[in-house]
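Undergrad: Take 14 as the starting number for the sequence shown in this note's numbering and just add one per residue. Don't be surprised by glycine CBs; every beta carbon is placed ideally from N, CA and C. The model shown is predicted, which means the values in this text are computed figures rather than measured ones.
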Amino acid sequence: MSTYQQMPGWTPDRAGSRAPVGHPALQQTAAPHLRQGETLLGVFGLALDPLLPLYFDWQQTRSDWAWAPVRVLVRFLRAVWRGIWTYFLPRWVVEIFVPDLRFRRPYGLRPERRAYRAIRRPFHGGSWSGGKESLAGAVWRAVRTTPGEKARADHDAFTLVLTDHRMLLLSRKWTWEKREPYQAAALLELPRGSYGLRREVPKSWFTYRLDVVFGDGSWLALDAEDEDVKKQLSALLG
Numbered sequence: 014m015s016t017y018q019q020m021p022g023w024t025p026d027r028a029g030s031r032a033p034v035g036h037p038a039l040q041q042t043a044a045p046h047l048r049q050g051e052t053l054l055g056v057f058g059l060a061l062d063p064l065l066p067l068y069f070d071w072q073q074t075r076s077d078w079a080w081a082p083v084r085v086l087v088r089f090l091r092a093v094w095r096g097i098w099t100y101f102l103p104r105w106v107v108e109i110f111v112p113d114l115r116f117r118r119p120y121g122l123r124p125e126r127r128a129y130r131a132i133r134r135p136f137h138g139g140s141w142s143g144g145k146e147s148l149a150g151a152v153w154r155a156v157r158t159t160p161g162e163k164a165r166a167d168h169d170a171f172t173l174v175l176t177d178h179r180m181l182l183l184s185r186k187w188t189w190e191k192r193e194p195y196q197a198a199a200l201l202e203l204p205r206g207s208y209g210l211r212r213e214v215p216k217s218w219f220t221y222r223l224d225v226v227f228g229d230g231s232w233l234a235l236d237a238e239d240e241d242v243k244k245q246l247s248a249l250l251g
């Protein structure tokens, strides 16, 4: 399969107008979601930053921190117990006998990703700001709860569409969907002017990171496919 490449920013077509940025397959995927008279600027296959929270189970209060050592010990013992019988059983057994999502969610997290998160987190410099009720939290929640993936703890892939009126998030389940047209569900949209490019971003040695800042002051780290995609999206976000 040939690799599609395009220089950062918009490129003029034969008529002299600016052609949209992004893989042709993703442009076909985005086409049904465009409104009449809306101009497509770019479409990109992205993922949430690898170290963003996987889920929220409890609301932390100030008094909770006093019990932090106890909670760490209890969670460790629970993890050992789950490891003895949960991780080595077929998934259907886990679905039946462990109905509580708090115990079932870690089962969907691949061991290599557990190790990756544990090693990188102390040196990462943060993945978001604003909390789960902010616009950044809304984007996080929309991607994590993509239709068909609600039982998985590590779903983070999506397609981002930029037009002259809005930012639109579309669902994406599989890696190959970045190179072939597919039927996507609309997850979330934000009006133009409520988002932009965050300038001060910690350097990432392992991902093509770029951060999007939102109108309420919150921000969210994203992982681009490669350096070209990162430059193209950065040029459009300005």
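For K191 versus L54, is the C-beta distance shorter than 8 Å?
TA: No. Outside cutoff.
Undergrad: When DSSP labels each residue in this structure, what does W189 get in the three-state scheme?
TA: Reduced to three states, the DSSP call for W189 is helix.
Undergrad: Whole angstroms are fine: how far does the CA of R48 sit from the CA of P63?
TA: In a straight line, the C-alpha of P63 is about 32 Å away from that of R48.
Undergrad: Can the beta-carbon of L65 be found less than 8 Å from the beta-carbon of S142?
TA: No, the pair does not count as a contact, with Cβ atoms beyond the cut-off.
Undergrad: Could you tell me how far apart the beta carbons of L233 and D224 are, in whole angstroms, since I believe they sit closer than 8 Å?
TA: Right, the Cβ-Cβ distance comes to about 7 Å (below 8 Å), so this counts as a contact.
Undergrad: Closest by CA to W153, which one among L250, F227, H46?
TA: Closest by alpha carbon: F227.
Undergrad: What do you get for F171, buried or exposed, if any count of 16 or more other CB atoms within 10 angstroms of its CB means buried?
TA: Result: buried.
Undergrad: Going by beta-carbon coordinates alone, are L200 and L182 separated by less than 8 Å?
TA: Yes, these two residues count as a Cβ contact at 8 Å.
Undergrad: Do you know whose CA, among R185, F57, S247, lies nearest P37's CA?
TA: If we check each option's Cα against that of P37, F57 comes out closest.
Undergrad: Less than 8 Å separating the beta-carbons of L148 and L203?
TA: Against a cut-off of 8 Å, the Cβ pair of L203 and L148 comes out as a contact.
Undergrad: For S247, list the residues DSSP reports as bridge partners.
TA: Paired residues: none, contrary to the question.
Undergrad: Can you tell me whether V214 is helix, strand or coil according to DSSP?
TA: Looking at V214 - three-state DSSP - the assignment turns out to be coil, as it is neither helix nor strand.
Undergrad: Rounded to whole angstroms, what is the Cα-Cα separation between H46 and L90?
TA: Taking the straight line from one Cα to the other gives about 48 Å.
Undergrad: Could you spell out the range, first to last residue, of the alpha helix (DSSP H) harbouring R205?
TA: R205 -> no alpha helix (DSSP H), and no H or E assigned at all.
Undergrad: Relative to the alpha-carbon of A60, which residue among A43, A155, G144 has its alpha-carbon at the smallest distance?
TA: Residue A155 is the option with its Cα nearest to A60.
Undergrad: Straight-line CA distance for E213 to D177?
TA: The straight-line gap from Cα to Cα measures roughly 25 Å.
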